[in-house]
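Residue numbers (our numbering), protein chains in the order written: chain A, -8 to 255; chain B, 5 to 618.
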C-alpha cells in the first residue's frame, strides 16, 4: 500500500463506522477540493453510492464556478442535494470582527439544518494541517445541538475507536480527512481523476488555493495551471493554505471563536 | 512517520516542536512575527510553544491542553509531530495523541529529573503499542550543561525502560530553548558524541507489515445497495484471497470468498491484505453481522466469555468490580462485567498491590466476563484484535490489551463437527423409566476446590441412595481420566474438553433414567453452564463449599503441598482461579462438619427432588 492507499483506507474505515453507528447522516459539501474528496471516498466506501444527503450551506456569495460545479456533479454523481439558505449577516454576533461575522452565517445555517433534520452525524472535510485549532480535533467530535465545541473536554480517541454515540440533544461532527494534508488532497484527486473546479488553476497570474465566499476570500499569486504545478508550488511555499481566508486572522482568536461556536 | 512528543508537564515538549521548525527553516511565513506579537501582548519572553498551543486558553495558561499535530519534512521523509499534553489532568488527550504514533520522543527536564509522567507516559506508550522510542534530557542550559547530571538521569531512566521492555534508540542531552542538539550539535556539550534530535528521527522504523500474520477481518457492516450483498471491513492482519474458505467468529459459520468488490479501481482484485478496507461477497448467503471476525479456519481467533486484560482507566469515576460496562473489540460491542481486579500496577516502582477499584490514570490487571462468547486474540500474538475499550453509553472510559492466560479457548467445546446428522427418537418413553425406577433422573453436579470433599461425599451418597433403591452412579475425576478421557492433558483446552465430555456422558446416563453424581473441581462457570445445557432441566448444581485454607489443611492427595512447591502449575485455588457458583441448587458447607451430616443433607435434597413415592 502506498501513502494514498493508507490514507484512503483509514477514511473509508471512518465513513463505514459512521454509517454503521451514527445514522441519520449528512455531509457538508462546500463544493471545494476537500469535500469533493469526501464524496469520492464515500463512493469508495459504499461501492459507487453516496447513501446520505450532501448539504450546501449557501450564503448566496459563492463564485459562479462553484454553483456550476454543484449543479453538474449533483446530476452526474446522482447525489441527494440539500441547499440550506444561511441567515443574513445582520443576525450574527455583532461583537465578532466583520469578516468573521460574515463567515458565522454558515454556522447559523448548520445550526438550522441540525434543528430541522435531526441528524446524528455530520461529515465535514476539514484537515489538521489547514489550521491550528483544527489540528486539535477528534475524528468523531460530539457537539451540542447549537454546535458548540467543548475543546477543553474532548473525549478520548484511540486505536480507531471513536465516540460513535452522541448523547441526547447532540450530534457528532465526523472528520474523515483529518489526517490528510493539502498535497495529499491534490495527489489523490490526480490519481482518481476527480473533476477540478477551474478556480483552482491559475488565470492571469492568480488562482484560488482555498475556496470561500467571494466577499471574504482572495486568490493568491500563482502560475500553477495543472495539478502537477500546484503540487510543485505547495512543496516549496511557506505561505499558509488559508492565507486567502480573511476571517482566520482578523484577531488572534477570531477563528477559534468561530469554531467553538460551531463553525466547521 | 508519526512521532509523538511526551513527558511530564513543563518539561519542554511544545518548545521542542517550535524549535525544530525554526531551526530547519520550516516555520510558515508570518508565524514567527505572529508568535512575537502574542508574547508581546502578554508581556512575556518569546515562547516557542505558541506554535503548537493554538487555543487561547493554552497560551494564557502556558500549558498544552489538547493534543495537536503538525507536518514536518526532513531529508525527503515526512513526519507528523504529535504534541501531547503532559499535565496529569489531560492523560486522556495524551493517550489520544500517542495512540496514532509510530514512534515517541520522551522529554525529561534536566533540572527536575525523572518525574511521575516521565514514567506514566512511557508505560502507556508501551500498552498502546509504540515501540520506537528516543529520550531527550531537556533544559541542559539550566544545569550548566553538566555531564554528571545528564548521566545520572540517563542511568535512572534507562533502568526504568528496561523494566518495561523498551530499548531506546538514543538518550540525548538538549536545550530546546537554546537549540542545543536539536537541529545542530551543541558546542557546549562536547562530552556528548551521539546524534542530535534531528539526526535521530531517521533512525525510527515503521512497524512491520502484518500481512504475513493470520487473517483477521472484523466486519464493520453488511451492505445491500444493489443486487450484491457486500461484507465490509478492514483487514487488520493477514491476507485474503478470492476462493478462500472463511470462518466467522463467534457465529462459526463458514463460506467461500466469491469476489473482492471495489469502485473506481483497475479491475477486480483477487487478493487483499493487512491495512486494506475492503468489501467481499460470499458463495453462500450465510447470516453474519457487524462485529464478527472473519479468518481462515486453520488459524481462527480465540472464543471465550472470560479473559484477562491489562487496562488503563481514563474516567473520573473509578472502575469497580461487578459493575456492568459495554466492551468494544474492534467493531464488536458486548456487555461485560469486571469480575475481578487482580492487581494494580504501581508505575513508579513497577510493583503490584491489591485493590477493589481502579482510579483514574491507574493501570490494572483484571478479569473480564462478557455476556456472550466473543472472538479475540491474545494481544502478544495479534495486537489489533487483542485490544478492548471500555464504554459507558457514549463515553470511552478506558482501554486495555487482552491476555487469554489460563482461561480455555471455548471454540472446540462449541463446534459441532459432524454434518448430515439426524437424531432418532427412542421408543421407550422417559415417563416409563421414571415409573419403573420410582424416581426422576438427573445430574447432581458437584463442584468445589480440591479437598473440599467432592469424591468422599459422592461415593457416600451413591451408597446411601443405592441402598434406598435408587439407580445411581458416580462419575469421578481420576476414574474418568484413566479411560474415557485418557487422551487429555491439563492444558486449559484439555481441561475444558474433559468437563465437556463428562457433561455429555452425565446427560446420556440421566436420559437412561439414572441419577448421576459427578465429582469434578470444574472451576469455570462457562464449563458448568455447558454441562447444564447438555442435561437440561435435570441438572442440579451442588456446591461443595470449603475455603482454600480448610482444603489445604486436609490435602488428602498431597496436591496443595506440591502446588505450593511449584511442582504443579496452575493449581485451582493456588495459582488458577476457582469461579464459585453464584446461585447453586444446594450449598453443602463441609468445613467443620462431619461426612455423615453432609450426606444427610444431600439425601434429604434428593428425596425431595427426585423421589416419586414420597
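Just so it is clear, CB atoms sit at the ideal spot from N, CA and C, and this is done for glycine as well.
Note that this is a predicted model, so its numbers are computed, not measured.
If one requires a minimum length of 4 residues, the alpha helix (DSSP H) runs lying completely within the stretch 139 to 207 of chain A are 173 to 183, in chain order. Contact annotation: residue 308/B and residue 408/B have beta-carbon atoms nearer than 9 Å.
Residue 371/B carries a strand assignment under DSSP once its states are collapsed to helix, strand and coil.
DSSP places residue 557/B in the uninterrupted alpha helix (DSSP H) bounded by 552 to 558. Around residue 154/A, the same chain offers 131, 133 and 146 as residues with beta carbons nearer than 6 Å, after the five sequence neighbours per side are excluded.
Taken through DSSP and simplified to helix, strand or coil, residue 116/A comes out as coil.
In the pairwise beta carbon analysis, the stretch 111 to 120 of chain B is classified as not touching the stretch 224 to 232 of chain A: fewer than three pairs are separated by under 8 Å. Cβ-Cβ separation between residue 241/A and residue 91/A: approximately 5 Å, consistent with a contact (criterion under 8 Å).
In terms of beta-carbon proximity, residue 99/B lines the interface with chain A, with at least one pair separated by less than 9 Å. In this structure, residue 116/A lies away from residue 54/A, with their beta-carbon atoms at least 9 Å apart. Taking the CA atoms as reference points, residue 278/B sits about 34 Å from residue 140/B. Residue 486/B is classed as exposed because its beta carbon has fewer than 16 other beta carbons within 10 Å across all chains shown. When C-beta atoms of the stretch 134 to 143 of chain A are compared with those of the stretch 49 to 57 of chain B, fewer than three pairs fall below 8 Å, so the two segments do not count as touching. When Cβ pairs closer than 8 Å are counted between the two stretches, the stretch 486 to 504 of chain B is seen not to touch the stretch 438 to 453 of chain B, the count staying below three. Interface criterion not met: the Cβ of residue 255/A is under 9 Å from no Cβ in chain B. Counting the other Cβ atoms within 10 Å of the Cβ of residue 512/B gives fewer than 16, which makes it exposed. Taking a contact as a CB-CB distance under 8 Å, the pair residue 398/B and residue 158/A counts as one, their CB atoms being some 5 Å apart.
Its Cα nearest to that of residue 187/A, the residue 59/A stands out among 88/A, 59/A, -8/A and -4/A. Looking only at 316/B, 525/B, 410/B and 73/B, the smallest Cα-Cα distance to residue 504/B is reached by 525/B. For residue 611/B, there is no enclosing beta strand (DSSP E); the residue is part of the alpha helix (DSSP H) that begins and ends at 599 to 614. Exposure of residue 269/B is indicated by the presence of fewer than 16 other C-beta atoms within 10 angstroms of its C-beta. A distance of 9 Å or more separates the beta carbons of residue 509/B and residue 478/B. The stretch 271 to 285 of chain B and the stretch 323 to 334 of chain B do not touch, with fewer than three beta-carbon pairs separated by less than 8 Å. Listed along chain B, the residues sitting closer than 9 Å to residue 231/A by beta-carbon distance are 32, 33, 34 and 35. Residue contact check for residue 172/A against chain B: a CB pair falls below 9 Å. In this model, residue 123/A and residue 72/B are separated by some 8 Å (Cα to Cα). By the C-beta density criterion, residue 50/B is exposed, having fewer than 16 other C-beta atoms within 10 angstroms. Between the stretch 376 to 387 of chain B and the stretch 241 to 255 of chain B there are three or more inter-stretch CB-CB distances shorter than 8 Å, so the stretches are counted as touching. Leaving aside the five residues that flank residue 369/B on each side, the residues in its chain whose CB is nearer than 6 Å to its CB run, in chain order, 314, 346 and 347.
Under the Cβ distance rule, residue 407/B does not count among the residues neighbouring chain A, no pair being separated by less than 9 Å. A straight-line Cα-Cα distance of about 8 Å links residue 90/B and residue 17/B. Look at the beta carbons and you see the stretch 182 to 193 of chain B touching the stretch 27 to 39 of chain B: at least three pairs across the two are nearer than 8 Å. For residue 482/B, the closest C-alpha among the options 596/B, 469/B, 460/B and 465/B is that of 460/B.
Leaving aside the five residues that flank residue 607/B on each side, the residues in its chain whose CB is nearer than 6 Å to its CB run, in chain order, 468. Straight across, the Cα-Cα distance linking residue 9/A with residue 198/B is about 47 Å. Residue 10/B: member of the beta strand (DSSP E) spanning 6 to 11, first to last residue.
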